[in-house]
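Right, one structure below, let's go through it.
Chains as they are written, first to last, in our numbering: chain A, 1 to 697; chain B, 698 to 1436.
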């Protein structure tokens, strides 16, 4: 493309260096778990495809502390991430977010659901307060959390958003209030990230939805591997039976549970059970969590994210306003005199109130500890499930473990039946397992492989930082619209126009339609320049005719002053005795033409007024002149040039003879090389001798 | 080729009648809104009755009577059985609005257009969507995607985007671009170049005062009355704009520590607020934010008391207070009674926050100057006693026996009803009184209509002197004079004569508000007695615009920004519609339609389009330039048919001819001025042009002959031959991409 500028500088900005080259790499989708790969905790999945990058979840590992608990963020460049999606508020899915937002160069956008955001704030503040680590080990503080709140954007279930061409929306996931499964669509390739999900409806939550569309990749949790849950009714019965029998024998029941989420479900069960058993009314139930009270407003507000059962109850009274459950602030306020039921956090018995109570009660045979959910490897809760004889207390002493330990899972994760059923319905061609212990995950993989053996399904179980690549060749389709599309072209016909790309959609259109179909618009720049000139206008015309093939004079009645139009591009008006005005519409060629005219006019002026137009020669005269020039130039180039008898030029170079037809430019010669040289020379001579022809547009 | 789109208004054009439009997209019939008015005039629904059965889906945009009032009636009488789509708040608040209207009507009349069960049945069909949820229709509507988007105005208010084959039809009525206390502004402006935009001209001629100033005036007026020991009555809707008013009052009361009591009185006041509390995710960002940080729900009201009985106000009879109460029309409901009580005292103020619906008491009071006196009808529901009760019991017996016979006659009655409404439509000014063929027939109809509520009216025979409480009908083709529409106040008054049985009723001014509610809901046989009275309007009347709709100027600029390829205008007075039509035809797009009722217009896009595949070879030669969210490039190619249907574009075999260069970019002179001054060039605006340096001027030419929205910008740079000229030209070029 010709340079647009007179100065020779290009006005065109450098082509975008990051423009995606069309290579195979563009079709590669890379998934890298930064956490939760063959483990449970610090969920974090990095995905990149077609230059877009999405990060799912941003958790910490509850069994570690400080930087060790973070996902492997140093494997990636946070600044390249476009979108970060958080599925739910649990620490292993959301707790490294303040760190990621405030302490890294992440510049993308973060999304979570309304209720997740409201609880996230409370939960992390609490986490910061209770985590017993040194100041250097603190990943972030309260202020970081508050700052992070301003950066987090909200998304409602089913709401479709688009960021940088990445389209995404979320489905109900069950699990906890506000938990979401994200579906991400990049250039037509859909990826479903389930986060933690449960397909079973419980007392207050809806079951996970089945997405309307089959994803190309399903990243799915495998917490429970191939285990099967007991039916909910049986679990609830076991739970209430254990509690009932323990307290009727004068024992105490400890339920270590995470403060929010599943705890609300257990409280609903207990409150209902107490309501139906008046004989228990004198046994206190304590819920030891300062958070719970503060989160109640959230639970009351976002009832629309819960199931119909709770919404119907809500119409009458608030089901989260428990009648038989009292709050407990700390162990100091606890009057441990007789049988009681205490629900306390943390769920892993690492520290805090649940651990204090455990230490106090563990050697008493009457007492019971009910572990109501999944416990992470490396925590005390995990250890006691295997019922060791002795345990180490917080003060370092060893005590016998006589208390009954029951493991009744209410954690709303999918079991094997739900997982396989879910995948069977969706039939995704690629399944990536995350969020599961290596053994459980391995067993699940085996079973799923045999289940999907007759299909083309591929299963992956990447470890942390281990990338999985998949290829998706997508055909690029474009829509030709507007004026350009008035007729559908046949094979071989040319299609030329503007190719406009927005997100991953392409449109082809005529420049005039640009404004109609996009927010872009085109412009015409008209230039008017006055050039000092005091000579005769005819001189300009004469000189121009020598250079340009088409120089038209406008009749005087149309234009008030003498006017010339060169190549239908540039208009020159003789405005007054002292100057002429040139007008043209910007484009590279017109700019060039106008520049040459300006130079020419200035030259005429410098030569002074002595110039007078010579009277015009006839066409034949012109031709003869031209032929003469051609002849003499050819002589200077090739030496022996004679006029042949048929008007052609006979050129003799060494032994070779060539005949040149001056009118058509045809060359007859046996020597191939010579013929080409003459043809080339002749075309150049012609270009120099004759005025510049009008370009065919 | 383009998707075929037809729009047929069924109501709500060239006037303020309820909104109801049929949009057919490739033969799939979408009913956009299904409104009725506060008077429940069946004549308005005639056009709907003709097409109701062929409707495939109903999309509702706002939770008020004008947008969804006819759903129960149409479902029951016209066989409108299509699924209804709405957002969760529109569903919930719409339901409450209907309940409120029904209860208010029943308290003073034997209202039999629909029952509570009908309302429930109609709303059972509602499929609830979230904002920006792309809902893919199935079966007959395959390929159509509908999505609700934020409209502002009312909680849950929706701008509908209907997409088929990449072409958008946008239905945006009653939107508000301004952010309010409880609502975000509409996202309508983010839609660019839809194939069709259907919007209203309701506010085309209205311009609003500055919001803060209006709020202050509002508070000042209220306080002035309160401090003079008066009562302020705010007739409001059930669950719409009232929320904003409550927040304004709450906020101001909190700031100023005021102790004047505020009441929100409607049949469903407490449940309304209870539900609204759980709709935080549908409200403005600031409300959501304050909840996330402090968990303070904005609708945990501290100053406004929610009451559902008027008797609760008795203790405050002489206390200065603010009462927000439904209906805004003052036709029925608590607002009607409150008005009658308050109107006679000069110290009181009736403050209207929205324009009253046509032909309602509120509208009559909003004329300037306001009428000195208005006639109103006071009605009460009282239990049957003595002979009447006996007659009722006998009637019940009779009804049981004649179960089978009835059904046949009901159909007959229906026919008579339809016929009579046809008749009355044709004669202008004729009020739409449906005289029941006989007292028995009327009770039969009632008992059939009411399902399990039948006990309420069964057997109650209206005295022969009393007319069935139907509301007057008048045509919309009204006459206009300099002051607006010429109206006859008598038309708007419920013409009921005092019952013969006045003796049986208790004192009308006594308190049995609560009793009558009970009568309504329990099974005691009861009847309605009414008397007409003239109320001297001595109280102050005031209208302030809190309708929460974009004003005329904003509407115009929003439409211009959206720049639809075709525009359909509905809902607005004839004047406003014509005004906006002229304006848009000149400045927005050439194809502006303002159809009449039942006039089907074809807005199928005349857009040509075909799909091609872009070959890898071609794409590897294309170098995109980034412009905002677009990437753009010039492309030369040749086509090749790879298989039966698909065309593929390949790179051209030889160098393609030079094309006319295209300059892409949008030059704002003000921005360019800024840019030049950063480059050290002296610039100033002079007579609309930019004067750069000594001699060079740059100007934009707006070509008036050219339709807006098409064509290129015309920019002129002129000046004498000098270095500056080329320098400035270079800067000018740098604002564009050359393709």
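In this text, a Cβ means the ideal position worked out from N, Cα and C, and glycines have one as well.
The structure presented is a predicted model; accordingly, all values stated were derived computationally and were not measured.
Open item on the list: I need the DSSP call for residue 681 of chain A, collapsed to helix, strand or coil.
Closed with: helix
Open item on the list: I need the straight-line Cα distance from residue 1153 of chain B to residue 1223 of chain B, nearest angstrom please.
Closed with: With a pLDDT of only 43 at residue 1153 of chain B, under the threshold of 50, the placement of this residue in the model should not be trusted; the figure read from the coordinates follows. In a straight line, the C-alpha of residue 1153 of chain B is about 6 angstroms away from that of residue 1223 of chain B.
TODO: Would you give the residue range spanned by the alpha helix (DSSP H) that residue 1315 of chain B belongs to?
DONE: 1313-1318
Open item on the list: Against chain A, does residue 831 of chain B count as a neighbour if the rule is that its beta carbon must be under 8 angstroms from one of theirs?
Closed with: yes
Task: Contact under 8 angstroms by Cβ, residue 174 of chain A with residue 193 of chain A - done: no
Open item on the list: Between the alpha carbons of residue 169 of chain A and residue 155 of chain A, how many angstroms are there, rounded?
Closed with: 8 angstroms
Task: Exposure of residue 319 of chain A, with buried meaning 16 or more beta-carbon neighbours within 10 Å - done: buried
Task: Given residue 1242 of chain B as reference, the closest of B/1050, B/701 and B/1020 once Cα atoms are compared - done: B/1050
Open item on the list: Which residues in chain B have a C-beta closer than 8 angstroms to the C-beta of residue 121 of chain A? List them in chain order.
Closed with: 989 and 990
TODO: Residues of the region 1350-1376 of chain B with a CB closer than 8 angstroms to any CB of chain A: list them in chain order, please.
DONE: 1353, 1354, 1355, 1356, 1357, 1358, 1359, 1360, 1361, 1362, 1363 and 1364
Task: Classification of residue 1382 of chain B by the beta-carbon crowding that lies within 10 angstroms, buried from 16 upward - done: exposed
Open item on the list: Can you list, in chain order, the residues of its chain with a C-beta nearer than 6 angstroms to that of residue 400 of chain A? Leave out the 5 residues immediately preceding and following it.
Closed with: 363 and 390
Task: Opposing strand residues paired with residue 746 of chain A [DSSP bridges] - done: Look at the range of chain A in this structure, 1 to 697, and you will see that residue 746 of chain A is not part of it.
TODO: Note down, in chain order, each residue of its chain lying with its Cβ closer than 7 angstroms to the Cβ of residue 1280 of chain B, except the 5 sequence neighbours on either side.
DONE: 1253
Task: Residue-level contact to chain A via CB, residue 1308 of chain B, 8 angstroms cutoff - done: yes
- [ ] Assign residue 764 of chain B to one of three DSSP states: helix, strand, or coil.
- [x] helix
Open item on the list: What ranges does the alpha helix (DSSP H) occupy inside the region 166-253 of chain A, keeping only unbroken runs of at least 4 residues that lie completely in it?
Closed with: 232-248
TODO: Answer yes or no: do residue 509 of chain A and residue 497 of chain A have a C-beta to C-beta separation smaller than 8 angstroms?
DONE: yes
Open item on the list: By the DSSP assignment, the beta strand (DSSP E) with residue 1074 of chain B in it spans what residues?
Closed with: 1070-1080
Open item on the list: Beta-carbon within less than 7 angstroms of residue 1202 of chain B's beta-carbon, same chain only, minus the 5 sequence neighbours each way: which residues are those?
Closed with: Only weak support exists for where residue 1202 of chain B lies, its pLDDT of 38 falling under 50; the coordinates are left without a value.
Task: Heavy atom of the ligand NAP within 7 angstroms of residue 112 of chain A beta-carbon - done: No copy of the ligand NAP occurs in the structure displayed, which carries no ligand at all.
TODO: Please report the Cβ distance between residue 760 of chain B and residue 824 of chain B, rounded to the nearest whole angstrom; I am assuming they are in contact, meaning their Cβ atoms lie under 8 angstroms.
DONE: That pair is no contact at about 15 angstroms.
TODO: Establish whether the CB of residue 170 of chain A and some CB of chain B are separated by less than 8 angstroms.
DONE: no
TODO: Along the beta strand (DSSP E) that carries residue 706 of chain B, what are the first and last residues, could you check?
DONE: 702-708
- [ ] Following the continuous beta strand (DSSP E) through residue 707 of chain A, name the residue where it begins and the one where it ends.
- [x] One cannot answer for residue 707 of chain A here, as it falls past the ends of chain A, which runs 1 to 697.
- [ ] Return the bridge partner residues of residue 404 of chain A from the DSSP annotation.
- [x] A/368
Task: Contact list for residue 511 of chain A against chain B, beta-carbon separation under 7 angstroms - done: 1359
Open item on the list: Run through chain A and tell me which residues come within less than 9 angstroms of residue 1411 of chain B, C-beta to C-beta.
Closed with: 523, 524, 525 and 526
- [ ] Return the Cβ separation of residue 769 of chain B and residue 805 of chain B in integer angstroms, given the expectation that the two are a contact with Cβ distance under 8 angstroms.
- [x] The pair is not a contact, with the Cβ atoms about 19 angstroms apart (cut-off 8 angstroms).
TODO: Would you mind working out which of B/1421, B/1357 and B/838 sits nearest residue 1380 of chain B, comparing C-alpha positions?
DONE: B/1421
Open item on the list: On a Cα-Cα basis, can you pick out the residue from A/108, A/576, A/500 and A/366 that is closest to residue 404 of chain A?
Closed with: A/366
Task: Classification of residue 1024 of chain B by the beta-carbon crowding that lies within 10 angstroms, buried from 16 upward - done: buried
TODO: Look up residue 1389 of chain B in the DSSP assignment and give the residues it is bridged to.
DONE: B/1380 and B/1393
Open item on the list: Let me check one thing: in DSSP terms, what residues is residue 35 of chain A bridge-paired to?
Closed with: A/44
Task: Spatial neighbours of residue 1412 of chain B in its chain, beta-carbon cut-off 8 angstroms, leaving aside the 5 residues before and after - done: 1364, 1395, 1396, 1397, 1398 and 1429
Task: DSSP-derived helix/strand/coil call for residue 1419 of chain B - done: coil
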